[in-house]
Amino acid sequence: MGEGILGDGILEEGILANSTTVEIIMKLSNQWTRLASAAFAIVACISDAVLGQSVCLPLPRLLTVFPMGAQAGTSVEVTISGESLDELEGLIFSDPKITAVPVLNERQQPIANRFRVIVPAETQPGIVEAFAIARLGVSSSRVFSVGTLREELQTTPSPTVKEAQPIQFGSTINANMVARSMNHYRFSAKAGQNLRIDCAGRGIDSKMDPIVILTNSSGRVLITDRSASGIDYRVEQDDEYMIKVHDLTFQGGPEFFYRLILQERTNEVPLAQFAATRHVGQYSWPPYRNDPSTATPEAEPNDP
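Quick note, the sequence shown lines up with residues 15 to 318 if you use this note's numbering.
Right, dumping it as C-alpha coordinates:
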(Lines of atoms letter the chains of each structure in order from A and count residues from 1; the text may use other names and numbers.)
(Lines give C-alpha, C1' and ligand atoms only; values in the text may rest on other atoms or scores of the structure.)
Protein backbone atom coordinates (compact mmCIF):
# COMPACT_ATOMS: atom_id res chain seq x y z
CA MET A 1 0.00 0.00 0.00
CA GLY A 2 2.75 2.41 0.99
CA GLU A 3 4.80 1.40 -1.97
CA GLY A 4 1.81 2.02 -4.21
CA ILE A 5 1.24 5.39 -2.77
CA LEU A 6 4.94 6.16 -3.08
CA GLY A 7 4.93 4.96 -6.61
CA ASP A 8 1.89 6.99 -7.44
CA GLY A 9 3.49 10.05 -5.86
CA ILE A 10 6.61 9.57 -7.88
CA LEU A 11 4.50 9.16 -10.96
CA GLU A 12 2.52 12.30 -10.21
CA GLU A 13 5.72 14.22 -9.55
CA GLY A 14 7.11 12.92 -12.81
CA ILE A 15 4.01 14.04 -14.66
CA LEU A 16 4.16 17.47 -13.03
CA ALA A 17 7.83 17.74 -13.84
CA ASN A 18 7.23 16.75 -17.41
CA SER A 19 4.41 19.28 -17.80
CA THR A 20 6.58 22.04 -16.33
CA THR A 21 9.40 21.14 -18.68
CA VAL A 22 7.02 21.26 -21.61
CA GLU A 23 5.81 24.70 -20.56
CA ILE A 24 9.38 25.97 -20.23
CA ILE A 25 10.29 24.51 -23.60
CA MET A 26 7.23 26.14 -25.19
CA LYS A 27 8.08 29.51 -23.63
CA LEU A 28 11.68 29.25 -24.80
CA SER A 29 10.46 28.21 -28.21
CA ASN A 30 8.20 31.24 -28.41
CA GLN A 31 11.06 33.51 -27.32
CA TRP A 32 13.43 32.01 -29.87
CA THR A 33 10.75 32.37 -32.52
CA ARG A 34 10.36 36.06 -31.72
CA LEU A 35 14.15 36.54 -31.69
CA ALA A 36 14.47 34.73 -34.99
CA SER A 37 11.72 36.88 -36.50
CA ALA A 38 13.39 40.06 -35.26
CA ALA A 39 16.76 38.92 -36.58
CA PHE A 40 15.22 38.10 -39.94
CA ALA A 41 13.61 41.54 -40.09
CA ILE A 42 16.93 43.22 -39.27
CA VAL A 43 18.76 41.18 -41.90
CA ALA A 44 16.05 42.01 -44.43
CA CYS A 45 16.36 45.73 -43.67
CA ILE A 46 20.14 45.61 -43.94
CA SER A 47 19.89 43.68 -47.19
CA ASP A 48 17.48 46.25 -48.63
CA ALA A 49 19.79 49.07 -47.56
CA VAL A 50 22.83 47.35 -49.05
CA LEU A 51 21.05 46.54 -52.28
CA GLY A 52 19.63 50.05 -52.58
CA GLN A 53 22.88 51.89 -51.84
CA SER A 54 26.35 51.26 -53.20
CA VAL A 55 29.22 51.78 -50.79
CA CYS A 56 32.72 52.48 -52.14
CA LEU A 57 35.93 54.18 -51.12
CA PRO A 58 36.41 57.85 -52.08
CA LEU A 59 38.33 58.47 -55.27
CA PRO A 60 41.43 60.70 -55.15
CA ARG A 61 40.97 64.09 -56.82
CA LEU A 62 43.77 66.36 -57.98
CA LEU A 63 42.48 69.94 -57.89
CA THR A 64 45.47 72.24 -58.45
CA VAL A 65 49.08 72.10 -59.58
CA PHE A 66 50.95 75.38 -59.07
CA PRO A 67 52.71 76.58 -61.09
CA MET A 68 50.65 75.15 -63.92
CA GLY A 69 53.48 74.71 -66.42
CA ALA A 70 57.19 74.74 -67.13
CA GLN A 71 59.63 75.60 -69.91
CA ALA A 72 61.03 72.63 -71.80
CA GLY A 73 64.56 71.85 -70.64
CA THR A 74 64.01 73.09 -67.07
CA SER A 75 62.67 71.87 -63.76
CA VAL A 76 60.15 73.56 -61.49
CA GLU A 77 58.97 73.03 -57.93
CA VAL A 78 55.19 72.58 -57.79
CA THR A 79 52.67 72.43 -54.97
CA ILE A 80 49.55 70.33 -55.41
CA SER A 81 46.19 70.19 -53.63
CA GLY A 82 43.29 67.81 -53.82
CA GLU A 83 40.94 65.46 -52.02
CA SER A 84 41.55 61.94 -50.63
CA LEU A 85 45.29 62.21 -51.34
CA ASP A 86 46.36 60.33 -48.20
CA GLU A 87 49.81 58.74 -48.26
CA LEU A 88 50.76 60.58 -51.43
CA GLU A 89 53.42 58.69 -53.35
CA GLY A 90 54.16 60.80 -56.40
CA LEU A 91 53.14 62.53 -59.62
CA ILE A 92 52.99 60.99 -63.07
CA PHE A 93 52.31 62.58 -66.45
CA SER A 94 50.72 61.48 -69.69
CA ASP A 95 54.10 62.16 -71.33
CA PRO A 96 56.47 59.61 -69.72
CA LYS A 97 59.48 61.84 -70.44
CA ILE A 98 58.27 64.24 -67.74
CA THR A 99 59.11 63.03 -64.23
CA ALA A 100 58.59 64.28 -60.68
CA VAL A 101 60.47 63.67 -57.43
CA PRO A 102 59.43 64.68 -53.90
CA VAL A 103 60.94 67.84 -52.42
CA LEU A 104 62.90 66.99 -49.26
CA ASN A 105 63.39 69.02 -46.09
CA GLU A 106 66.58 69.39 -44.02
CA ARG A 107 66.05 65.92 -42.56
CA GLN A 108 65.78 64.43 -46.05
CA GLN A 109 62.09 63.72 -45.53
CA PRO A 110 59.45 64.46 -48.20
CA ILE A 111 57.58 67.74 -47.80
CA ALA A 112 53.84 67.21 -48.08
CA ASN A 113 52.32 67.94 -51.50
CA ARG A 114 55.51 69.38 -53.02
CA PHE A 115 57.37 67.91 -55.99
CA ARG A 116 60.09 68.93 -58.42
CA VAL A 117 58.90 68.39 -61.98
CA ILE A 118 61.65 67.75 -64.55
CA VAL A 119 60.80 68.56 -68.17
CA PRO A 120 63.46 67.38 -70.68
CA ALA A 121 64.45 69.70 -73.53
CA GLU A 122 63.08 67.27 -76.13
CA THR A 123 59.56 67.45 -74.67
CA GLN A 124 57.03 68.60 -77.24
CA PRO A 125 55.42 71.97 -76.33
CA GLY A 126 51.74 71.70 -75.51
CA ILE A 127 49.62 70.36 -72.68
CA VAL A 128 49.96 67.09 -70.79
CA GLU A 129 47.92 65.56 -68.00
CA ALA A 130 49.22 65.23 -64.43
CA PHE A 131 48.02 62.52 -62.03
CA ALA A 132 48.68 62.02 -58.32
CA ILE A 133 49.30 58.54 -56.92
CA ALA A 134 47.87 58.02 -53.42
CA ARG A 135 46.92 55.14 -51.14
CA LEU A 136 43.44 54.95 -52.68
CA GLY A 137 44.74 54.87 -56.25
CA VAL A 138 45.42 57.24 -59.14
CA SER A 139 43.68 60.61 -58.99
CA SER A 140 41.77 62.54 -61.60
CA SER A 141 43.97 64.55 -63.96
CA ARG A 142 44.88 68.22 -64.24
CA VAL A 143 46.42 70.03 -67.20
CA PHE A 144 50.13 70.86 -67.06
CA SER A 145 51.52 73.13 -69.78
CA VAL A 146 54.90 72.76 -71.47
CA GLY A 147 56.16 75.89 -73.22
CA THR A 148 59.23 77.38 -74.85
CA LEU A 149 59.15 80.77 -73.11
CA ARG A 150 60.72 81.81 -69.84
CA GLU A 151 58.49 80.94 -66.85
CA GLU A 152 57.89 83.32 -63.95
CA LEU A 153 55.74 83.26 -60.82
CA GLN A 154 53.45 85.88 -59.44
CA THR A 155 55.50 87.34 -56.58
CA THR A 156 52.64 88.88 -54.61
CA PRO A 157 49.08 89.93 -55.44
CA SER A 158 49.11 93.27 -57.25
CA PRO A 159 45.67 94.82 -56.75
CA THR A 160 46.82 98.39 -57.47
CA VAL A 161 48.81 100.14 -60.18
CA LYS A 162 51.57 101.02 -57.71
CA GLU A 163 52.03 97.32 -56.90
CA ALA A 164 52.18 96.24 -60.56
CA GLN A 165 54.59 93.37 -61.21
CA PRO A 166 57.08 93.80 -64.09
CA ILE A 167 56.64 91.46 -67.04
CA GLN A 168 59.13 90.97 -69.86
CA PHE A 169 58.61 90.14 -73.51
CA GLY A 170 58.86 86.43 -74.21
CA SER A 171 57.77 85.29 -70.76
CA THR A 172 54.90 83.46 -69.07
CA ILE A 173 53.61 84.40 -65.63
CA ASN A 174 51.81 81.80 -63.52
CA ALA A 175 49.41 83.47 -61.09
CA ASN A 176 46.35 83.09 -58.88
CA MET A 177 43.41 85.45 -58.68
CA VAL A 178 42.15 86.85 -55.38
CA ALA A 179 38.39 87.34 -55.04
CA ARG A 180 37.06 90.85 -55.72
CA SER A 181 40.46 91.97 -56.98
CA MET A 182 42.57 92.64 -60.06
CA ASN A 183 46.22 91.92 -60.92
CA HIS A 184 48.46 94.52 -62.61
CA TYR A 185 51.56 93.97 -64.77
CA ARG A 186 53.72 96.71 -66.32
CA PHE A 187 56.16 96.77 -69.22
CA SER A 188 57.79 99.28 -71.55
CA ALA A 189 57.27 99.26 -75.31
CA LYS A 190 58.42 101.37 -78.23
CA ALA A 191 56.46 102.79 -81.13
CA GLY A 192 56.04 100.30 -83.96
CA GLN A 193 56.22 97.16 -81.81
CA ASN A 194 53.47 94.59 -82.33
CA LEU A 195 52.26 93.09 -79.07
CA ARG A 196 50.63 89.74 -78.52
CA ILE A 197 49.03 89.04 -75.12
CA ASP A 198 47.42 85.72 -74.20
CA CYS A 199 45.81 84.60 -70.96
CA ALA A 200 44.89 80.97 -70.33
CA GLY A 201 42.12 80.17 -67.87
CA ARG A 202 39.48 77.62 -68.79
CA GLY A 203 41.89 76.08 -71.29
CA ILE A 204 44.16 74.89 -68.46
CA ASP A 205 41.42 73.50 -66.16
CA SER A 206 40.98 76.74 -64.23
CA LYS A 207 37.64 78.04 -62.99
CA MET A 208 38.63 81.53 -64.07
CA ASP A 209 37.17 83.39 -67.05
CA PRO A 210 39.93 85.98 -67.52
CA ILE A 211 39.31 89.54 -68.65
CA VAL A 212 42.48 91.22 -69.97
CA ILE A 213 42.78 95.00 -70.32
CA LEU A 214 45.68 96.91 -71.91
CA THR A 215 46.18 100.54 -70.86
CA ASN A 216 48.84 103.22 -71.32
CA SER A 217 50.68 105.11 -68.58
CA SER A 218 47.83 107.60 -68.19
CA GLY A 219 45.33 104.80 -67.58
CA ARG A 220 43.48 105.06 -70.90
CA VAL A 221 42.09 101.71 -72.00
CA LEU A 222 43.54 100.74 -75.38
CA ILE A 223 41.97 97.32 -75.90
CA THR A 224 40.06 94.74 -73.86
CA ASP A 225 39.84 90.98 -74.36
CA ARG A 226 36.70 89.40 -72.89
CA SER A 227 36.67 86.19 -74.93
CA ALA A 228 40.11 84.70 -74.17
CA SER A 229 41.04 85.10 -77.84
CA GLY A 230 44.14 87.20 -77.09
CA ILE A 231 45.18 90.78 -77.78
CA ASP A 232 47.04 92.03 -80.85
CA TYR A 233 48.13 95.66 -80.59
CA ARG A 234 50.53 97.89 -82.51
CA VAL A 235 52.28 100.36 -80.20
CA GLU A 236 51.78 103.98 -81.29
CA GLN A 237 54.27 105.70 -78.97
CA ASP A 238 57.05 104.93 -76.53
CA ASP A 239 55.47 104.48 -73.13
CA GLU A 240 55.04 102.26 -70.10
CA TYR A 241 51.99 100.07 -70.54
CA MET A 242 49.84 98.17 -68.08
CA ILE A 243 48.10 94.79 -68.33
CA LYS A 244 45.15 94.33 -65.97
CA VAL A 245 43.70 90.88 -65.34
CA HIS A 246 40.57 89.93 -63.40
CA ASP A 247 37.90 87.25 -63.39
CA LEU A 248 34.67 87.87 -65.28
CA THR A 249 32.63 87.87 -62.04
CA PHE A 250 35.55 88.88 -59.78
CA GLN A 251 35.75 85.48 -58.13
CA GLY A 252 39.01 84.06 -56.80
CA GLY A 253 40.74 81.32 -54.87
CA PRO A 254 43.25 78.49 -55.38
CA GLU A 255 41.32 77.08 -58.34
CA PHE A 256 41.19 80.48 -60.11
CA PHE A 257 44.64 80.40 -61.67
CA TYR A 258 45.91 81.62 -65.04
CA ARG A 259 48.96 81.86 -67.30
CA LEU A 260 49.68 85.29 -68.79
CA ILE A 261 51.95 85.45 -71.86
CA LEU A 262 53.50 88.59 -73.38
CA GLN A 263 55.24 88.33 -76.77
CA GLU A 264 56.42 90.62 -79.55
CA ARG A 265 55.16 89.68 -82.99
CA THR A 266 57.95 89.90 -85.60
CA ASN A 267 58.55 88.57 -89.09
CA GLU A 268 61.78 86.87 -88.06
CA VAL A 269 60.63 84.88 -85.03
CA PRO A 270 57.28 83.06 -85.00
CA LEU A 271 55.10 83.32 -81.93
CA ALA A 272 55.53 80.59 -79.36
CA GLN A 273 52.78 77.99 -79.27
CA PHE A 274 50.08 78.85 -76.76
CA ALA A 275 49.24 75.65 -74.84
CA ALA A 276 45.58 75.25 -73.92
CA THR A 277 42.72 72.86 -74.50
CA ARG A 278 40.35 73.68 -77.32
CA HIS A 279 36.74 74.71 -76.90
CA VAL A 280 34.36 71.99 -78.05
CA GLY A 281 32.74 74.51 -80.39
CA GLN A 282 35.96 74.75 -82.39
CA TYR A 283 35.18 71.32 -83.84
CA SER A 284 31.65 72.25 -84.93
CA TRP A 285 30.11 74.39 -87.64
CA PRO A 286 29.85 77.34 -87.83
CA PRO A 287 33.33 77.87 -86.35
CA TYR A 288 33.64 78.94 -82.73
CA ARG A 289 33.23 82.73 -82.31
CA ASN A 290 32.41 83.07 -86.00
CA ASP A 291 30.66 86.31 -86.92
CA PRO A 292 27.03 85.28 -87.60
CA SER A 293 26.67 88.11 -90.14
CA THR A 294 29.10 86.28 -92.44
CA ALA A 295 27.12 83.04 -92.38
CA THR A 296 25.54 82.00 -95.69
CA PRO A 297 21.86 81.06 -95.29
CA GLU A 298 20.68 77.75 -96.69
CA ALA A 299 18.72 78.06 -99.93
CA GLU A 300 17.36 75.73 -102.57
CA PRO A 301 18.75 76.20 -106.10
CA ASN A 302 15.34 77.14 -107.50
CA ASP A 303 14.41 79.63 -104.79
CA PRO A 304 13.62 83.07 -106.28
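The C-beta atom is built at its ideal place from N, Cα and C for all residues, glycine as well.
Helix, strand or coil for Ile218 per DSSP?
Helix.
Assuming the contact rule is C-beta atoms closer than 8 Å, Val92 and Phe129 should be a hit. Round their C-beta distance to whole Å, please.
Confirmed, about 6 Å.
Suppose the cutoff is 8 Å on Cβ atoms and the five residues either side in sequence are ignored; what does the same chain contact list for Asn208 look like?
Asp246, Tyr247, Arg248, Val249, Glu278, Arg279 and Thr280, listed in sequence order.
Can you list, in chain order, the residues of its chain with a C-beta nearer than 8 Å to that of Leu118? Leave out the 5 residues immediately preceding and following it.
Correct list, in chain order: Pro124 and Ile125.
Would DSSP call Asp62 helix, strand or coil?
Note that Asp62 scores 49 on pLDDT, short of 50, meaning its location in the model is unreliable and no value can be drawn from it.
Helix, strand or coil: how does DSSP classify Thr280 here?
Coil.
Taking all protein chains shown into account, do 16 or more other C-beta atoms lie within 10 angstroms of the C-beta of Thr78, making it buried, or fewer, making it exposed?
Looking at its Cβ environment, which holds 16 or more other Cβ atoms inside 10 Å, Thr78 is buried.
Count the other C-beta atoms from every protein chain shown that fall within 10 angstroms of the C-beta of Val131, then say buried if there are 16 or more, exposed otherwise.
By the neighbour-count rule (16 or more Cβ atoms within 10 Å), Val131 is buried.
In three-state terms, what does DSSP make of Phe264?
Coil at Phe264, not helix or strand.
Less than 9 Å separating the beta-carbons of Arg144 and Val133?
Residue identity differs from the one stated: residue 144 is Ala in this sequence, not Arg. Cβ distance not < 9 Å, so Ala144 and Val133 don't count as in contact.
Note down the Cα distance separating Ser153 from Val115, rounded to an integer number of angstroms.
Cα to Cα, Ser153 sits roughly 17 Å from Val115.
Below 9 Å between beta carbons: does that hold for Asn197 and Pro171?
A contact, by the Cβ cut-off of 9 Å.
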